[in-house]
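Scroll down for the structure; my scribbles are underneath it.
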Amino acid sequence: MRVFLTFDAEHPDRPHCPPWATEQILHVLRGSNVRATFFLQGRWVEAYPHLAREIALTGHRIGNHSFYHARLELLSDEGLATDVTGAEQVIKSVTGADPRPWFRCPWGECGNDARVLQALTDLGYRHIGWHVEAGEWEIARTPREIENAVVEGALGTGDGAIILLHTWPASVPPALPAIIRRLGDAGVQFATLDDLADPSIAVAARGPAGNDSSVMKGRGHP
Ligand SMILES: [Zn+2]
């Protein structure tokens, strides 16, 4: 059974988000020899080029998470293309990695918008949602809460489960070792999105689960 750990790297707007969280996540993944996929916001890459480079240098797959983290469905065709390619250019110039074809829409909300999805296709991308999330971006979850949500969600989803986490909440790094250990004990292999043997697995992933977009809209998912 394969599980895809994915992390969104972006500017946080919550108080429980120390700047050291991203480095600790990379440290845990490196120590466990686990590769993941990181969706980078272009503006974040400009602010933290050393972290973006370290993500690439440590063997993780990089995807595009837009430049401004705007709601793509509200942008014009031209504005959307400018935002996506702007992120792509800064990601390439800073990390040397080409994020195509992996893209995650800000807020995960473009999964049902035909115009946005077609625009992404035209730009060489496909939107990747998720099957499992821990809600750690919203409030300060405990590491144990994150661990249980991810482990139970992944095992409940089965092969190809895509996990959404974020690089900035303080409780993500201390949750990771137990997540990796418990899923490893269950026979899970951690993969990056490039390891997808059947791309249809990712197409099926839409976030957020249950289309709970009203909550995300109201509270400002970063
Ligand atoms: Zn995001």
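Going letter by letter, the sequence shown gives residues 19 to 240 in the working numbering.
By construction, the Cβ of each residue, glycine as well, lies at the ideal position given by its N, Cα and C atoms.
- For R79, the uninterrupted beta strand (DSSP E) segment begins and ends at R79 to N82.
- In terms of CA proximity to E127, W148 leads the group W148, N51 and V108.
- Between V21 and A209, the gap from beta carbon to beta carbon is short of 9 Å.
- Between ligand 1 and the CB of D26, the shortest heavy atom gap is smaller than 8 Å.
- Residue environment analysis places I157 among the exposed positions, since fewer than 16 neighbouring C-beta atoms fall within 10 angstroms of its C-beta.
- Its Cα nearest to that of G178, the residue V206 stands out among E165, V206 and E151.
- In this structure, R118 and G142 form a Cβ contact; the two beta carbons are roughly 4 Å apart against a cut-off of 8 Å.
- In the three-state reduction of the DSSP assignment, A204 falls in the coil class.
- Between ligand 1 and H145, a heavy atom-to-CB distance of less than 8 Å is absent.
- By the Cβ neighbour-count rule, L138 is buried, with 16 or more other Cβ atoms within 10 Å of its own.
- When C-alpha distances from D116 are compared across I164, L183, Y86 and N82, the shortest belongs to N82.
- Cα atoms of T55 and E106: separation of roughly 15 Å, rounded to the nearest angstrom.
- Shortest gap from the CB of H68 to any heavy atom of ligand 1: 8 Å or more.
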